[in-house]
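Note that the protein sequences, when read in sequence, are chains A and B. Read in order, the letters of the first sequence are residues 1 to 332 in my numbering. Read in order, the letters of the second sequence are residues 1 to 496 in my numbering. Working notes, structure below.
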Amino acid sequence: MTVETILIGLAGVLASAAPIIFAVLGETLSERAGVINLSMNGTILLSAMGGFAVAYNTDNIVLGFLAGMLIGALVALIVAFTSITLKQSQVAVGFVLALTCRDLSYFLGSPYMGVTGPRLHAIQIPILSDIPILGVLFFRQDIITYISFIAIVLTWVWIFRTRPGLILQGIGEKPAAVFIRGSNVNLLRYIYTIIGGALIGLAGPAFSLAIRAGWMGTISGLDGIGWIALSITIFGGWNPARAAFGAYLFALLQWLGLVLQPVFTAVPSQVLQVAPFPLMILTLLLVNIGNAEWVERTLAAMPESTRKLFAKLLRAMRASPPAALGVPFERD
Amino acid sequence: MNVELKDINKHFGKVHANKGINLNIPSGTIQGILGENGAGKSTLMKVLSGFIQADSDSEIILDGKTVTIDSPADAIRFGIGMLHQDPLDFPPMRVLDNFLLGLPGGLFPNRKKIAQDINLLAKEFDFSLDPESYVDSLTVGERQQLEIIRLLWLGARVLILDEPTTGISALQKEKLFATLKKLPEQAMTVIFVSHKLEDVESLCDKVAVLRAGELVGELKPPYNTQKFVEMMFGKMITLGERQPSQTGETILSLDNISLEDARLKIKNVNVEIKAGEVIGLAGMEGSGQGLFMRACSGLMRTVGGRIQLKGQDVTGKHYHAFKKAGVNFLPAARLEEGLIPGLSLTDHFILAEQPKGIFIDRAAGQSLAEDRIKSFNIRGTPLSTVESLSGGNQQRAELALLQSPLSLILLEHPTRGLDIESVIYIWAKLKERCKQGAAIIFISSDLDEVLQYSDRILVFFNGNVSTPIDTHKTSVTELGQLMGGKGWTEKAGKNA
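In structure tokens form, the structure reads like this:
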């Protein structure tokens with residue numbers, strides 16, 4: 001394998017992570033506001049199908065992406081209405097929506113199975129694309145991948161650097177305290193859930209109009225991506241930068257699975273294809289293990305230097321969820 | 001600012017929580033609001049701070065103008081700020097961000113300027129608040145300081161404090177009171193809500209007493225404690241003389257034990273505790289009392305040393321081994337760690353009895369519950385869920401759940417947030433246990449409680465543990481100094 005092929009492969013990793021990035025950022029916004037949008041897996045499938053269908057029928061890729069976002073926003077509206085207004089369980093509603101949207105996409109998408117439709121193409125950015133190594137990696141991508149880069153930065157800046165972002169952190173943490181500071185908690189929760197949903201809905205067309213162009217129904221290989229994105233949100237500690245890192249890690253593992261197949265011929269190919277999923281779970285375990293009390297107790301009995309090292313490592317990795325996640329807010 | 005409350009009524013369904021309350025608070029006054037739990041103090045303050053709205057005929061008049069306060073944000077615009085008992089701040093965020101959150105302005109806040117403002121205000125009141133530190137690393141007292149300067153900075157002219165002395169140390173209380181006493185000079189009005197007599201007596205210019213939703217009357221200094229108690233409860237109550245306990249065999253012996261968690265280290269503690277004895281743990285919150293308690297209950301493993309229960313080595317053993325040996329632990333967080341929200345009193349008693357077999361004998365459970373409710377004077381029915389009980393009744397329920405016989409009872413803040421009547425009742429029940437041969441270790445942030453009920457006292461300061469101090473040989477002043485880190489060499493040098 002030459003350096004060139006490795007670089008192109010890594011550029012492919014960045015592109016194939018783009019849909020997961022959108023999904024993870026959307027979920028991060030939603031959960032930061034205190035609402036778990038568990039419908040993600042179904043939403044991604046439905047918006048992939050819907051986005052493709054719209055783009056195919058109108059021959060307009062932009063409309064396809066907008067349709068995907070609209071679908072995501074509508075599903076999120078259902079989550080928001082049932083949990084914020086009706087104060088029902090976010091887990092139950094989200095789960096049912098995840099299943100419903102998935103089956104709906106298979107049912108409604110059957111006319112589009114295997115049809116060739118429009119798709120995005122790479123845009124070489126002049127000058128920048130000629131930079132050695134970086135040019136290949138970052139500046140010969142399609143437009144949606146560029147947008148995914150920008151979205152990571154924007155979401156991070158929004159949450160941690162702006163005034164409204166501070167309020168967003170607050171409503172996920174202690175809504176009553178935001179309320180006494182004069183904000184409309186439930187309205188903001190609606191807004192962020194819907195924006196988050198629209199971002200999740202962008203993930204679908206990012207598959208069906210770009211990296212895995214077309215709609216292949218049950219063999220699209222998209223089923224399950226939403227659940228992985230959900231775990232990456234947790235791995236990311238509700239921080240867009242860390243979540244993006246998780247998404248790239250997952251895409252990298254998937255790519256390695258493909259690349260290493262010819263090298264490890266003795267290993268059945270299925271093992272390498274499936275490996276990224278358990279590896280992701282393992283990472284999650286490692287990251288969150290510091291939260292367990294028995295770990296703390298075990299550490300306390302270790303020699304000083306080892307204990308300090310581990311304690312530091314665990315604390316750096318550990319992230320705690322927004323305290324009011326999934327808790328409806330009522331004004332006394 | 002002049003605050004006038006006129007005929008304030010508030011109904012919650014059928015409950016009449018405030019009954020036609022009239023109160024006039026002139027500008028520059030420190031007004032005390034006194035009453036036992038459930039007297040309607042919180043309701044009245046929530047009405048004034050916009051959290052809830054009073055019934056329609058009620059009137060709030062600020063500086064002669066009748067106003068309608070629809071929300072807490074509204075209240076702060078009118079100049080009324082409230083410091084809640086559980087500070088409404090954001091623990092995982094920085095002091096600076098807590099200050100900033102919710103302030104109007106452009107997209108990107110000017111953090112530098114806010115940090116300067118915080119430093120300036122903190123200096124004015126002699127607080128040490130670092131704008132860059134995280135709120136969850138602050139003590140309850142420091143979190144109060146943060147809220148106070150935030151409210152003043154927002155332009156509060158009336159400051160309401162709801163039970164602010166619960167959970168803060170004696171030193172922090174002194175500082176808080178000194179701060180509050182400065183405010184009337186600037187024509188600010190302070191409303192101090194409490195059920196602690198000594199607090200209102202030492203701070204307030206006048207005190208209004210509430211009982212069962214009604215304003216019973218107002219008192220001015222010099223205050224008469226007996227009069228207050230009568231007004232609060234409608235009858236006389238006395239604490240009684242301190243009674244030293246009769247001691248018996250050694251129950252718990254700690255031999256050179258060391259403990260540590262991520263924040264704190266405790267080294268080489270040696271104590272022997274005898275049957276019938278009450279040991280009070282004094283210290284600022286988070287000085288190591290919690291660790292000590294968890295080690296004694298088997299919830300936390302010691303790093304070194306030996307723990308013996310009635311001569312039996314239990315070092316490193318599981319919590320269940322401790323429990324079997326007759327150790328019971330009542331944590332401070334009643335609903336989070338002690339009781340199970342959603343389950344009724346009957347369910348709790350059935351669980352505590354650990355009956356054999358698969359099916360539940362409801363009838364037996366019910367009669368057991370009725371029995372205990374009566375003997376522990378719990379205001380509730382066998383079918384009441386624990387979260388529907390008041391704090392005092394939850395504490396009584398926890399005591400009623402203790403297994404029998406017991407050798408060691410560990411209590412974290414057994415009377416926090418309870419009115420004096422419940423406090424007396426609970427200690428009477430605990431002393432009964434001592435007479436039956438149990439030893440008691442308890443944590444309290446109320447030094448008077450520690451002095452009133454313990455035989456010996458361990459003072460904690462930043463992980464240092466004093467040698468046991470005999471209660472009759474010490475005083476509030478000495479304990480207060482030790483808690484603040486002074487006078488350690490002669491008293492406690494061995495462990496420091």
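Quick reminder that beta carbons are idealized off the backbone N, C-alpha and C, glycines included. The model shown is predicted, which means the values in this text are computed figures rather than measured ones.
Test: residue i CB closer than 9 angstroms to a CB of chain A
i                      : result
residue 76 of chain B  : yes
residue 322 of chain B : no
residue 9 of chain B   : no
residue 388 of chain B : no
residue 51 of chain B  : yes
residue 137 of chain B : no
residue 496 of chain B : Low local confidence applies: a pLDDT of 36 at residue 496 of chain B is under 50, so the model's placement there is unreliable, with the coordinate-based value given in what follows. Answer no: the Cβ-Cβ gap between residue 496 of chain B and chain A never drops below 9 angstroms.
residue 493 of chain B : Interpretation of residue 493 of chain B is limited by its pLDDT of 46, a score under 50 that renders its predicted location unreliable; no figure is taken from the coordinates.
Under 9 angstroms between C-beta atoms of residue i and residue j
i                      : j                      : result
residue 215 of chain A : residue 113 of chain A : yes
residue 245 of chain A : residue 280 of chain A : no
residue 269 of chain B : residue 298 of chain B : no
residue 289 of chain B : residue 443 of chain B : yes
residue 143 of chain B : residue 92 of chain B  : no
residue 71 of chain A  : residue 28 of chain A  : no
residue 344 of chain B : residue 385 of chain B : yes
residue 193 of chain A : residue 11 of chain A  : no
residue 200 of chain B : residue 161 of chain B : no
residue 125 of chain A : residue 139 of chain A : yes
residue 234 of chain A : residue 303 of chain A : no
residue 27 of chain B  : residue 2 of chain B   : yes
Selection from the options that minimises the alpha carbon distance to residue i
i                      : options                    : result
residue 335 of chain B : B/398, B/187, B/168        : B/398
residue 30 of chain B  : B/18, B/376, B/158, B/263  : B/158
residue 33 of chain B  : B/163, B/333, B/308        : B/163
residue 209 of chain A : A/142, A/14, A/248         : A/142
residue 44 of chain B  : B/315, B/112, B/209        : B/209
residue 198 of chain B : B/228, B/180, B/363, B/313 : B/228
residue 448 of chain B : B/468, B/119, B/474        : B/474
residue 389 of chain B : B/429, B/342, B/363        : B/342
residue 187 of chain B : B/172, B/152, B/174, B/195 : B/152
residue 88 of chain A  : A/312, A/36, A/247         : A/36
residue 182 of chain A : B/315, B/101, B/318        : B/101
residue 120 of chain B : B/149, B/138, B/141        : B/149
Test: residue i CB closer than 9 angstroms to a CB of chain B
i                      : result
residue 164 of chain A : yes
residue 320 of chain A : yes
residue 174 of chain A : yes
residue 161 of chain A : yes
residue 169 of chain A : yes
residue 200 of chain A : no
residue 177 of chain A : yes
residue 33 of chain A  : no
residue 195 of chain A : no
residue 150 of chain A : no
residue 333 of chain A : Outside the displayed span of chain A (1 to 332) sits residue 333 of chain A, for which this structure offers no information.
Does the structure place the stretch 346-355 of chain B close enough to the stretch 410-429 of chain B that three or more beta carbon pairs sit under 8 angstroms?
Touching, no, given that fewer than three Cβ pairs across the two stretches are closer than 8 angstroms.
Does the stretch 121-131 of chain B touch the stretch 32-50 of chain B, meaning 3 or more C-beta pairs lie closer than 8 angstroms?
Not touching, per the Cβ criterion.
Using 8 angstroms as the threshold, is the stretch 324-335 of chain B in touch with the stretch 408-417 of chain B, meaning 3 or more CB pairs across them?
Two segments are said to touch when three or more pairs of C-beta atoms, one from each, lie closer than 8 angstroms; by this definition the stretch 324-335 of chain B touches the stretch 408-417 of chain B.
Three or more C-beta pairs below 8 angstroms linking the stretch 8-26 of chain B and the stretch 209-222 of chain B
Taking 8 angstroms as the limit for Cβ pairs, the verdict is that the stretch 209-222 of chain B does touch the stretch 8-26 of chain B.
Any contact between the stretch 198-206 of chain A and the stretch 11-24 of chain A? By contact I mean 3 or more CB pairs, one from each, below 8 angstroms.
Output reads yes: the stretch 11-24 of chain A touches the stretch 198-206 of chain A.
Evaluate the contact criterion for the stretch 157-173 of chain A versus the stretch 97-111 of chain B: three or more CB pairs, one atom per stretch, below 8 angstroms.
Taking 8 angstroms as the limit for Cβ pairs, the verdict is that the stretch 97-111 of chain B does touch the stretch 157-173 of chain A.
Proximal residues, the stretch 289-301 of chain B versus chain A, C-beta separation under 8 angstroms
Hits within the stretch, in order: 300, 301.
Using a beta-carbon distance cut-off of less than 9 angstroms, what residues from the stretch 74-108 of chain B approach chain A?
The residues in question are 74, 75, 76, 77, 82, 84, 87, 88, 89, 90, 91, 92, 93, 97, 98, 100, 101, 102, 103, 104, 105, 106, 107, 108.
Take every Cβ of the stretch 50-59 of chain B, pair it with every Cβ of the stretch 3-18 of chain B, and state whether three or more of those distances are shorter than 8 angstroms.
The answer is yes - the stretch 3-18 of chain B touches the stretch 50-59 of chain B, with three or more Cβ pairs under 8 angstroms.
Three-pair Cβ contact test at 8 angstroms for the stretch 275-289 of chain B versus the stretch 426-442 of chain B
Contact holds between the stretch 275-289 of chain B and the stretch 426-442 of chain B, because three or more Cβ pairs, one in each stretch, are under 8 angstroms apart.
Check whether the stretch 465-481 of chain B touches the stretch 309-317 of chain B, taking contact to mean three or more Cβ pairs, one atom from each stretch, closer than 8 angstroms.
The stretch 465-481 of chain B, when compared against the stretch 309-317 of chain B, does not touch it at the 8 angstroms Cβ threshold.
Taking a cut of 9 angstroms between CB atoms, which residues from the stretch 205-226 of chain B lie near chain A?
Residues of the stretch 205-226 of chain B with a C-beta less than 9 angstroms from any C-beta of chain A: none at all.
Against chain A: residues of the stretch 61-73 of chain B by CB proximity under 8 angstroms:
The residues in question are 71, 72, 73.
Between the stretch 217-228 of chain A and chain B, which residues of the former have CB atoms less than 8 angstroms from a CB of the latter, in chain order?
Hits within the stretch: zero.
Can you list, in chain order, the residues of the stretch 99-125 of chain A whose Cβ is nearer than 9 angstroms to any Cβ on chain B?
Of all residues in the stretch 99-125 of chain A, none has a Cβ within less than 9 angstroms of some Cβ in chain B.
Determine contact between the stretch 455-464 of chain B and the stretch 474-483 of chain B, defined as no fewer than three beta-carbon pairs at a distance below 8 angstroms.
Output reads yes: the stretch 474-483 of chain B touches the stretch 455-464 of chain B.
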